[in-house]
Amino acid sequence: MKCRFCNKSAIIKLRAYNLKLCEEHFLSFIEKRVEKTIKKYRLFSPEDRILVGISGGKDSLNTVYILNTLGYKTEGLYIDLGIGEYSLRSKEKAVKFARQFNIPIHIYEVKKDFGVGITEISLLLRRKPCSVCGVIKRYILNKFAFENNFTVLATGHNLDDEVATLFSNVLSWQEGYLARQDILLPQKHEKLVKKVKPLALITEKESAAYAILRQIDYIREECPNAKGATSIFYKNILNQIEEKQPSTKLRFYLDFIRKGKKYFERALKEREDKLHPCKVCGYPTTREICQYCTIKNEVQKRRG
Ligand code: FES
Ligand code: ZN
Ligand code: ZN
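Residue 274 in our numbering sits at position 274 of the sequence shown, with consecutive numbering throughout.
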């Protein structure tokens, strides 16, 4: 099996593009694809300061690495969620990565704000860890970016993540979520930093191969709270479809952005009209008190 572009043997076959590539051409294929995504969807420019939310996993580390390689001013923020051994191990990977590639990474501890980590918060509130975790992570990332003058907030969502979310939102016709699903979420409020997903067109498999070839050491285990998650079930189904019909995932996602999304704009507008400052922290919310402050208040009450 020969590389499409040179005489070397291919190390990977990308069925969605009908391409076989050697190591060198695979790495440049991924970097060019990310660069093209940035330019085509106007995610940011070299003048922007970009903050990447880092989990210690392949996708977020790849995002910081690739953006740096492409010459964008990028820093990382690792949020220590306080999920036992998993958090310790993922933090180690993030710190090691920062040292290895000399990329600035900040660390923010959830415990600093709440006195306890995600696991304890979910027990105290009797809520699923992933739902409190999502609220807390989004809030901290945006606040940190805003307060430290970053103009863009990037996350490492890959194509498989995006397609599984889209699939799930379509199954239950979640208009509000469908309206907000995109590679770029423009800035709609002075205190809400623009959000982007530069790896949205790169699959999980491509991302894993990229990290391994670039010797990026990442945490391979999933968060223990993700066990049995519906998103994993959907990803498996979508991979089965992809196996039979290569490039379905990419088409489903891109066609939604090109053709489907516009039908949900009303839901987006309705939400934006409702945004006003949270009574406690001042960050925009559609409620009287934002979800983050509500969780914080509840935790304080229950811990006494
Ligand atoms: Fe948030 Fe697992 S990463 S609960
Ligand atoms: Zn080649
Ligand atoms: Zn608030």
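We put the beta carbon where it would ideally sit given N, CA and C, even for glycine.
Keep in mind it's a predicted model, so treat the numbers as computed, not measured.
Please confirm whether residue i and residue j have their CB atoms less than 7 Å apart.
i, j, result
"Ile79", "Ile140", "yes"
"Asn62", "Ala211", "yes"
"Ile183", "Lys197", "yes"
"Lys58", "Ser207", "yes"
"Glu162", "Tyr253", "yes"
"Thr286", "Lys296", "no"
"Ser90", "Ile202", "no"
"Lys93", "Gly56", "yes"
"Pro246", "Ala16", "yes"
"Ile66", "Glu31", "yes"
Once DSSP output is grouped into helix, strand and coil, what is the label at residue i?
i, result
"Leu199", "coil"
"Ala229", "coil"
"Lys191", "coil"
"Glu345", "Past the boundaries of the shown model lies residue 345; the chain is included only from 1 to 304, so the question cannot be answered."
"Glu109", "strand"
"Val152", "strand"
"Asp59", "helix"
"Arg127", "coil"
"Pro104", "coil"
"Tyr283", "coil"
"Phe244", "Phe is not the amino acid found at residue 244; the sequence shown has Lys there. Reduced to three states, the DSSP call for Lys244 is helix."
"Lys2", "strand"
"Glu75", "strand"
"Pro277", "strand"
"Val116", "coil"
"Gly304", "coil"
"Gly82", "coil"
Would you report the Cα separation of residue i and residue j, rounded to the nearest angstrom?
i, j, result
"Lys137", "Asn7", "46 Å"
"Ile241", "Arg302", "46 Å"
"Val95", "Pro284", "32 Å"
"Asp160", "Ser9", "27 Å"
"Lys259", "Gln181", "13 Å"
"Lys269", "Ala226", "32 Å"
Between the Cα of residue i and the Cα atoms of the options, which residue gives the shortest distance?
i, options, result
"Glu272", "Thr203, Tyr177, Cys281", "Tyr177"
"Gly117", "Ala164, His106, Gly82, Gly56", "Gly82"
"Glu147", "Arg42, Arg251, Gly282", "Gly282"
"Asn68", "Glu85, Ile289, Ser45, Gly84", "Ser45"
"Phe144", "His106, Asp255, Thr248, Lys244", "His106"
"Phe233", "Thr165, Leu250, Gln291", "Thr165"
"Lys205", "Glu85, Asn158, Tyr263, Cys130", "Asn158"
"Ile12", "Glu175, Cys130, Ala209", "Ala209"
Return no unless some Cβ of chain B is closer than 7 Å to the Cβ of residue i.
i, result
"Thr119", "Here there is only one protein chain, and chain B is not present."
inquiry  = Does the contact criterion of 3 or more C-beta pairs under 8 Å hold for the segment 43-53 versus the segment 134-154?
reply    = The count of Cβ pairs closer than 8 Å, one atom from the segment 43-53 and one from the segment 134-154, reaches three, so the stretches are in contact.
query = Counting pairs of beta carbons, one from the segment 122-136 and one from the segment 20-32, are three or more of them closer than 8 Å?
reply = In short, these stretches do not touch, since the Cβ pair count stays below three.
message = Under 8 Å, with one C-beta from each stretch per pair, do the segment 37-47 and the segment 62-77 reach the 3-pair mark?
response = Judged by Cβ distances under 8 Å, the segment 37-47 makes contact with the segment 62-77, as three or more pairs qualify.
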